[in-house]
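Just so it is clear: in the sequence shown, position 448 is 528 by the numbering used here, and no numbers are missing.
We treat Cβ as the ideally placed atom computed from N, Cα and C, and that holds for glycine.
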Amino acid sequence: MNPLIIDIVTKQPVLVSALDGDPNSANSFGYIPGGVLRGAIISRYLQRQGSERQLDPREQPAQHLFFSNQVRFLHAYPVDPVDETRMLPTIQKLKPPTKQVSSSDEEKAKEPKYEWLGSQHIFDTVRHLNIHTTRNRAKGRSLRGSGAVYRYVAIAPNQRFRAIILGDEASLHCFQQLLLENSQLWLGKARSAGYGAVLIERVELFGRENHATDWQEWPYEPASQLPTSETVTMTLLSDAIIRDQYGQYARIGVEPTAPEFAPAALAASFGLHQGRLNLAKSKLRYTVLGGFNRTWGLPLPQTSALAAGSVLVWEQARADWSALIEHGIGERRNEGFGRISFADNLQNHVIKLTATDSLREPKPALLLQPAIKQPTTLFAAEAAKLLQQMGDRLLRQRLDQALIDMIGTYQIKQQLNSRNSLFGRVELWCRELLAEIQALAINQTTEGSVEVLLDALHAKVNQTAQIARQHLRATSLSNNQSLETLLKTKQAELLTLWQIPPLQFGDQLLQLTPQLAVEYHARLIIAIVTMARKQPLLKKRG
């Protein structure tokens, strides 16, 4: 059994809705179904192929990768924050029934509450509740008579799930390469409304070269997986879709005397060679499964199924146990349904956890802050480029405000018969410096080039005629600094003068660069000399 381990962290609420509630509401599963992950990988597979047509299930290798039970996409269940293992749905505790199972009891148990079973505690997936209203596209708001209210209960952000893909090594390598192309996926529905963004945190091919033991779906005490007697306890680790010999969905325990529940036929529907189901000792729950096919643009047919956590006790049972554990039972096994376990210690583990009241309470702090071991890149290359542009514009917005404030501080308050030609020459130097700074930004050269440009500006000031330099020294600013000193400011002083707080934008830290500091310093000097050239004209007009 070769597994590909995929850790998923939700960045936005994820809405993978179960069949529950009224038409204006959607309640999400507490996990990410394997069929949803399979659909996301199919979408990425088609993008790589560059094909605009839909996937044909009759063609290879698509048929083997996505439509055969030889490759199985297991549900993404929450990760236990204590020991970093994949949790499982809480198992039903076996106890003698007090009454015959009726149809009304089955209806009440259609949607079992999925509580997760870990090494030391059980809890529920944290949900995110949002209220939405239907908006008119032209008005951009809801109107009287057309403002339906929608209630979405989705998987909350910042939760960690682990999906498993079982299959041959070549198929798993293909999926690994597809997932490593981009760390971000979109799952579920309502993606345009702020739902569905997840981060692929880990994609690891489980192998004997990096693990001491074989992978087991039930991670605790895996030594007792296979049955050793003819009385077998079968535990469902995911929902199972079972049909009888007439093609009808099995309703075990509802009408136990019906002919379709003959012992041999019932055992065969669960993959057993022979066996008799002991309903009195078993603990069964039911659910209704659905889904949505994006190719059809229609919902999938609703089917009755045995819910995850159900426990079936078989007597006089014989089967290929290892094959049942590896391949599962029932239909839609390639979407993660029909996973089973024969581990004897499952019941003991459930009883131990539920017997301690302190361990029954949820651990919200553990769920809301999943342990992410290594820093990850949140954005693809194209998105990172756009993010950088947005961050640069925010930095420039702050620098523009600082420039406006400095113009008032650095106004020329005294000048010694300085001519407009001198101010024009200073403005020309600064505009040439701006052009060279822009060329540096295009060529993306190093910071040392900025020092070279500043040295060239300082050389121009020093090479100016002595009389002109005297005028520059005599031109004092509002802060008692001369215009010559302002022109000959060094790079380290510019970084201090134009210092602004760093900006955390996405996963990038944006801060002042030498190019920006020199650029805005040149713009400051241009503004100062331009105002000085206009002052005599304003006096004449006054």
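R207 is a Cβ neighbour of I235, given a cutoff of 8 angstroms. The distance from the Cβ of L246 to that of L154 is about 7 angstroms, consistent with a contact at the 8 angstroms cut-off.
In the DSSP annotation of this structure, the continuous segment of the alpha helix (DSSP H) that includes V116 starts and ends at G114 to Q129. Counting only the Cα atoms, Q468 lies some 49 angstroms from I405. By the neighbour-count criterion, in which 16 or more other beta carbons inside 10 Å mark a residue as buried, L474 falls on the exposed side.
Membership of Q396 in the beta strand (DSSP E) is indicated by the continuous run V391 to R398.
For F255, the uninterrupted alpha helix (DSSP H) run begins and ends at E249 to L260, by DSSP. Across the structure, Y125 and I85 are spaced so that their CA atoms are roughly 18 angstroms apart. Here DSSP, grouped into helix, strand and coil, assigns E507 to helix. Going by DSSP, P343 is part of no beta strand (DSSP E) but of the alpha helix (DSSP H) stretching over P343 to S349.
In the structure shown, the three-state DSSP call for A423 is coil.
V94 places its beta carbon less than 8 angstroms from that of Y275. Nearest C-alpha to P582 among L592, E573, T576 and R412: L592. In this chain, the beta strand (DSSP E) harbouring Q264 covers Q264 to W266. Between L352 and the set P237, T311, S384 and Y326, the nearest pair of CA atoms involves T311. For W196, the enclosing beta strand (DSSP E) starts and ends at E195 to L197. Across the set V159, L567, Q172 and I211, the C-alpha of Q172 shows the shortest separation from the C-alpha of S362.
The alpha carbon of V532 has as its nearest neighbour, out of P594, Q477 and H429, the alpha carbon of P594.
In the structure shown, P594 adopts helical secondary structure according to DSSP, grouped into three states. Sequence-distant Cβ neighbours of N149 in its own chain, meaning closer than 6 angstroms and more than five residues away, are R413 and N414. Contact between G114 and A243 holds: CB atoms are separated by about 7 angstroms, below the 8 angstroms threshold. For E564, the uninterrupted alpha helix (DSSP H) run begins and ends at L563 to L567, by DSSP. For A403, the uninterrupted alpha helix (DSSP H) run begins and ends at W401 to H407, by DSSP. Across the set V391, L259 and S309, the C-alpha of V391 shows the shortest separation from the C-alpha of L316. Non-local C-beta neighbours of V609 in its own chain, meaning closer than 6 angstroms and more than five positions away in sequence, comprise F503, V506 and E507, ordered along the chain.
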